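**Student:**
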Amino acid sequence: MTDHATEPATASTVRAQAIGMLAGTGFGGIWAMTGLAGRHGGYASLLGLVALAVLAALVVAALDLWRIARHAGLPQAPADGRNRHTGRGFLLILVAEIVAMNLAAWALYPRHMACLMPAIALIVGLHFVPLAALLRRRHLYIAAIAMSLAGLAGIAAIALGADAATVHALLGAACALALWTTCFLSWRSTKLRLASRAITA
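Heads up: the sequence shown runs through residues 274 to 474, numbered per the numbering used here.
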């Protein structure tokens, strides 16, 4: 599989990275806030501030990539059928993810709703596997592995009698870190490609 790091930096690929970063950063923020929901005390406030700082930094980084894609004079990607194939594949993966989440909610309601959050983490993690292959983004496997393992661990912990609120807090933090780490690696990889292009230009 060819990784995106070997592809030329075009306006469309950099713009796609920016959009992906914004999505990953936003969903990471949702996981972080979900994990902190209902938590009180100084440590919760501190963690909330840290989460907001990380989220803001990643948003700024993504918007910087968006600016570069628009104004840096990058070449345009050649028109081919791959974009159409990628679009269809992305839509299929998204639909499958949504269907799986709804089936999980239906199966767990009403007696096992404490397991819904880790089940969603598992489903989201698994959806990154075909997505990474489709988009040829190896760093997405990090989110796939981390979120899938966190979801499985959360389900197991709740099944063994662990406090659901504590499990949800740890799960939210783990999923947020997984997504934000993936976003950072995406940004770093894109910046390295842009730097390499500037050197060879």
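Cβ coordinates follow ideal geometry from the N, Cα and C atoms, glycine included.
Here the structure is a predicted model, which is why all the values come from computation and not from measurement.
Could you check whether the stretch 307-317 touches the stretch 373-384, counting it as contact only if at least three pairs of C-beta atoms, one from each stretch, sit closer than 8 Å?
**Tutor:** no
**Student:** Buried or exposed, going by whether 16 or more other CB atoms sit within 10 Å of the CB of Thr455?
**Tutor:** buried
**Student:** Using the Cβ count rule (16 or more neighbours within 10 Å means buried), how would you classify Ser469?
**Tutor:** exposed
**Student:** State the Cα-Cα distance for the pair Asp337 and Ala394, rounded to the nearest angstrom.
**Tutor:** Rounded to whole angstroms, Asp337 to Ala394 spans 29 Å at the Cα level.
**Student:** Can we say the stretch 293-300 touches the stretch 441-461, given the rule of at least three CB pairs closer than 8 Å?
**Tutor:** yes
**Student:** Quick check on the burial criterion: 16 or more other C-beta atoms within 10 angstroms. Buried or exposed for Ile341?
**Tutor:** buried
**Student:** Quick check: what's the CA-CA separation for Ala406 versus Leu347?
**Tutor:** 25 Å
**Student:** Within 10 Å of its beta-carbon, does Thr275 have 16 or more other beta-carbons around it, so buried, or fewer, so exposed?
**Tutor:** With a pLDDT of 43 at Thr275, under the threshold of 50, the modelled position of that residue is not reliable, and the figure given next carries that caveat. Answer is exposed; the Cβ neighbour count stays below 16.
**Student:** Of all the options Ala417, Leu452 and Leu467, which has the alpha carbon lying nearest to the alpha carbon of Gly293?
**Tutor:** Leu452
**Student:** Comparing C-alpha positions only, which one of Ala289, Val323 and Gly315 sits nearest to Ala305?
**Tutor:** Ala305 has its Cα closest to that of Val323, out of Ala289, Val323 and Gly315.
**Student:** Where Asn356 and Ala282 are concerned, what is the direct C-alpha to C-alpha distance, given to the nearest angstrom?
**Tutor:** 16 Å
**Student:** Since Ala423 and Cys388 are thought to touch, with beta carbons under 8 Å apart, how far apart are those beta carbons, to the nearest angstrom?
**Tutor:** Not quite, the Cβ-Cβ distance comes to about 13 Å (not below 8 Å), so this is no contact.
**Student:** Do Gly427 and Met386 have their beta-carbon atoms positioned less than 9 Å apart in this structure?
**Tutor:** no
**Student:** Can you list, in chain order, the residues of its chain whose CB lies under 6 Å from that of Ala334, leaving out five sequence neighbours each side?
**Tutor:** Sequence-distant Cβ neighbours of Ala334 in its own chain, meaning closer than 6 Å and more than five residues away, are Trp460.
**Student:** In whole angstroms, what separates the C-alpha of Gln290 from that of Leu413?
**Tutor:** 12 Å
**Student:** For a quick check, are the C-beta atoms of Ala416 and Phe401 less than 9 Å apart?
**Tutor:** Yes, these two residues count as a Cβ contact at 9 Å.
**Student:** Return the chain-ordered list of same chain residues with a C-beta closer than 8 Å to the C-beta of Glu370, the five sequence neighbours on each side being excluded.
**Tutor:** Ile396, Val397 and His400
**Student:** Would you call Thr439 buried or exposed, if buried means 16 or more other Cβ atoms sit within 10 Å of its Cβ?
**Tutor:** exposed
**Student:** Give me, in chain order, the residues of the same chain whose beta-carbon lies closer than 6 Å to that of Gly321; leave out the 5 immediate sequence neighbours on both sides.
**Tutor:** Leu309
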